[in-house]
Every structure is written in C-alpha cells, then in structure tokens.
Amino acid sequence: SSTSHLDYIRQCLSLAEKSPPRPSNFRVGAMLVLRRDEAGPTDDDTVLSTGYTLELPGNTHAEQCCLSNYAAVHGVPEDRVGEVLPSSSSSSSDPTRKVILYVTMEPCGQRLSGNTPCVQRIIQTRQGGKYRGIDKVYFGVKEPGTFVGESQGCRMLTEAGVEWEHIGGLEKEILAVATAGHEKKDGENSGNVGTNIDDISPE
Ligand SMILES: Nc1nc(=O)c(N)c(NC[C@H](O)[C@H](O)[C@H](O)COP(=O)(O)O)[nH]1
Ligand SMILES: [Zn+2]
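Residue numbers (the numbering used here): 13 to 215.
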C-alpha cells in the first residue's frame with residue numbers, strides 16, 4: 013500500500029492545522045502508531061492516538077496531548093501511560109510489536125514555559141526500562157531556534173536509548189503551519205507562508 017513514513021507525517025500536518033495560531037509556540041501534530049513488524053508502514057498499522065498543540069486545556073504540546081488522550085482512554089493518569097501502551101502488556105511483549113510516535117516537529121527538549129518537555133514524557137513511557145514504551149520517534153523537521161536556540165531533543169532521545177529519525181520532504185509546509193501565529197519579520201517573503209496547505213498538491 014502507499015502508506016509511508018511521509019504519509020504519516022502528512023497526517024500529523026493535518027492535525028497541526030487544527031491548532032490555534034499563537035506567537036508563543038509552534039503548531040504541531042502527533043500520532044501514536046502500533047506497528048506489528050520491522051517492515052515499516054503497512055496497512056496492518058494501528059493508530060493508537062492523535063494529538064495537536066493546545067488540543068487539551070492548558071499550555072499543551074501535540075505529543076503531550078497524544079499521550080494524554082491515550083492515557084485517558086485507558087483510565088490511567090498521563091504520567092503512567094507507559095503501563096498501558098501495547099508494547100508494555102505481557103501478552104503483547106513480542107519484540108515485533110513496535111510503538112511509534114510520528115510528529116511534525118522534533119519533540120522539545122526544553123520549553124520556555126518550564127513545563128515538562130515532550131522528550132521527558134516520551135522517555136517516561138519506559139519507566140526506566142520497566143516497560144518497552146515508545147520505541148521510535150519520526151519527525152518532519154528539527155525545531156527552529158526561535159524559542160530555545162539549538163534544539164536538544166534528538167540528543168536527549170539518543171541518550172535515553174529512544175530511536176528517532178528525521179523524515180524529510182515536508183519541511184516548508186510544516187514550518188509554515190507551525191509558525192502561522194508568529195509575527196512575520198519585515199522583508200520576509202510572506203507569500204508562501206500564507207499558502208493554504210490544501211492548495212499544495214500532496215504528490
Ligand atoms: N514538538 C513540539 N510540539 C509542540 O506542540 C510545540 N508547541 C512545540 N514547541 C516548542 C517550543 O520550544 C515551545 O513551544 C516554546 O519553548 C514555548 O514553551 P511552551 O510551549 O510555552 O511550553 N514543540
Ligand atoms: Zn513539546
């Protein structure tokens with residue numbers, strides 16, 4: 013089937029477009045997917061949850077909402093979501109089942125608000141190795157330096173043993189959606205930034 017990593021990133025971009033534009037953050041979309049084998053995206057994949065920036069009350073991030081939504085459905089508080097991910101229950105601890113997080117932007121390693129960064133929420137799903145938690149993160153663009161300078165998300169994931177991979181191809185579209193609420197600097201070519209994603213043919 014035509015399902016690919018980029019198809020998932022594109023679906024996350026549609027989620028990001030639901031986020032109310034703000035000058036103080038990025039509009040991001042995230043999806044949690046259960047994959048039954050190493051082969052990569054297939055029709056057998058199961059979408060476990062989705063989330064987008066500010067979907068849930070408070071100053072919430074896409075990855076945070078995605079995990080929080082899943083935890084709520086499974087009746088546990090967000091910080092215990094690792095316990096209820098499919099890769100964690102004994103019955104399905106077979107190594108071929110992977111829990112994948114797709115997100116349009118690299119998970120944050122630091123937040124100006126001081127709230128818990130998404131990298132820590134991702135790492136926490138493993139409860140220090142007690143659960144398999146999230147196995148791998150695919151993202152469409154590294155975080156721009158707008159708020160926190162050089163992003164540390166990827167380095168922190170690597171240090172925690174969480175695999176990650178940048179899936180290129182939609183950077184311009186992702187950044188246009190992510191920064192829609194930001195002040196446009198003079199002289200910046202605001203032409204494309206206003207481009208409506210639906211007007212950009214997907215192929
Ligand atoms: N991966 C990711 N998903 C999001 O949903 C989101 N909004 C950001 N944004 C990262 C950016 O660094 C922070 O939005 C700023 O650092 C401000 O921090 P707050 O959002 O107010 O906690 N990054
Ligand atoms: Zn975040």
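Beta carbons: idealized from backbone N, C-alpha and C, even for Gly.
This one's a predicted model, so the numbers in the text were calculated from it and none came from an experiment.
Take residue i and list the residues in its own chain whose beta-carbon comes closer than 6 angstroms to its own, dropping the five residues that flank it on each side.
| i | result |
| --- | --- |
| I146 | V111, L113, I134, T137 |
| S31 | R39, Y64, T65, L66 |
| K148 | I112, E175 |
Within its chain, find whatever has a CB closer than 7 angstroms to the CB of residue i; leave out the 5 residues flanking it on each side and keep chain order.
| i | result |
| --- | --- |
| V93 | L79, Y82, A83, T137 |
| Q23 | M43 |
| N71 | S125, N127 |
| L68 | C77, S80 |
| V59 | M43, V45 |
| P129 | C120, G121, Q122, R123 |
| M186 | The sequence given here has Ile at residue 186, not Met. Cβ neighbours of I186 beyond the five flanking positions: L25, T116, M117, G152, V153. |
| M168 | G121, V131 |
| S163 | E118, G121, K154, E155 |
| E183 | G152, V153 |
Less than 7 angstroms between the CB of residue i and some heavy atom of ligand 2, yes or no?
| i | result |
| --- | --- |
| E75 | yes |
| R123 | yes |
| C78 | no |
| C24 | no |
| C166 | no |
Check whether the Cβ of residue i sits closer than 7 angstroms to any heavy atom of ligand 1, and report yes or no.
| i | result |
| --- | --- |
| C120 | yes |
| T62 | no |
| N127 | yes |
| T65 | yes |
| V115 | yes |
| E50 | no |
| E195 | no |
| V40 | yes |
| N37 | yes |
| E177 | no |
| N71 | yes |
| E155 | yes |
| V160 | yes |
Just to confirm, is the Cβ distance from residue i to residue j under 8 angstroms?
| i | j | result |
| --- | --- | --- |
| F159 | W176 | no |
| E50 | G63 | no |
| R48 | T65 | no |
| L46 | R123 | no |
| P33 | G193 | yes |
| S26 | P53 | no |
| G165 | V131 | yes |
| E118 | E155 | yes |
| L18 | G173 | no |
Taking 8 angstroms as the limit between beta carbons, can you name the residues of its chain near residue i, skipping five residues before and five after?
| i | result |
| --- | --- |
| S61 | M43, L44, C78, L79, N81, Y82, V85 |
| T170 | W176 |
| K197 | none |
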